[in-house]
Every structure is written in structure tokens, then in C-alpha cells.
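Contents: one structure, followed by commentary.
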Amino acid sequence: MADSKKYEIIVTVHTTYLPEQSDEALDRYVFAYTISLANTGTVSAQLISRHWIIADGTGGVQEVRGLGVVGEQPLLKPGDNFEYTSGTAISTPVGSMKGSYQMVAEDGLRFDATIPEFILSVPRVLH
604 MADSKKYEII VTVHTTYLPE QSDEALDRYV FAYTISLANT GTVSAQLISR HWIIADGTGG
664 VQEVRGLGVV GEQPLLKPGD NFEYTSGTAI STPVGSMKGS YQMVAEDGLR FDATIPEFIL
724 SVPRVLH
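The sequence shown begins at 604 in our numbering and counts up one residue at a time.
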């Protein structure tokens with residue numbers, strides 16, 4: 604069993620609704636999300652790919668897989684942080700996202716960094 608503290612990436616998320624890119628009459632709700640990754644482990648690790656599960660308010664689910672994030676495959680040394688902003692569109696005013704980043708440590712071990720579930724919500728929709 605690998606030392607879990609050796610391979611530890613903490614993921615935090617901040618979301619913003621983008622009314623100027625949304626069209627509520629066409630059921631298009633656009634959100635930006637800023638992700639911060641912090642390597643709190645003791646070995647360097649590179650983000651290789653991502654897996655997202657995006658759910659809308661009707662139970663519809665999209666899965667997205669791809670290499671890297673925003674065209675990069677960042678290498679995070681112990682203590683490093685990496686931040687990026689991306690976006691998504693859903694067909695309801697409230698939805699959620701969760702997923703994982705597939706990482707490769709400098710010693711060759713592959714592990715997942717969990718992206719905790721977060722809510723996408725048009726302001727004043729959730730109380």
C-alpha cells in the first residue's frame with residue numbers, strides 16, 4: 604500500500620455564473636469554474652488527464668475525458684500550486700460537477716486526485 608500522504612493533491616473550486624454567455628430562453632446556463640490544485644504530498648506529480656461528470660437539474664449527465672487541463676499537463680512539485688479557469692454549459696439553472704485528475708508521480712506511481720462535487724447555480728435559485 605502506498606503512503607497516501609506521499610501522493611496528495613488537494614483540489615478546491617470556485618464557480619461563477621456567466622449571464623452574458625447564457626441564454627435562459629434556450630435553456631443554456633454557462634458557468635466558469637476556477638480550480639486550484641495544491642501538491643501537499645512529498646513527491647512531484649504531473650497532471651496527465653481529467654475525467655468530469657457534469658449533471659444538470661433533470662438528471663442528465665455528461666462525461667468528459669481529455670488530456671491535461673487548458674492545454675497543459677502541469678508538473679506540481681511538493682508545495683506547488685496550479686490554478687486555471689475553464690467553463691461549462693448546462694441546460695438547467697442548477698447542476699453539479701465532480702471528477703478526478705489522473706496524476707503520475709515522479710516515481711512512476713499513477714494515482715487519482717479527486718475533484719469534490721460542487722454545485723453550479725444561477726444566483727438566487729438555491730436558498
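C-beta: ideal position from N, C-alpha, C; glycine also. Computed from a predicted structure; not experimentally measured.
Under the DSSP assignment, PRO719 falls in the beta strand (DSSP E) whose first and last residues are 713 to 724. As DSSP reads the structure, VAL673 sits in no beta bridge. Listed in chain order, the non-local C-beta contacts of ASP710 below 8 Å within the same chain comprise VAL646, local neighbours out to five positions each way being set aside. Residue environment analysis places ASN642 among the buried positions, since at least 16 neighbouring C-beta atoms fall within 10 angstroms of its C-beta. Shown here for GLY682: same chain residues with a beta carbon closer than 7 Å to its own, the five before and five after excluded, namely ASN642 in chain order.
For SER652, the enclosing beta strand (DSSP E) stretches over residues 648 to 659. If you draw a 10 Å sphere on the C-beta of ASP659, you find 16 or more other C-beta atoms in it, and that means buried.
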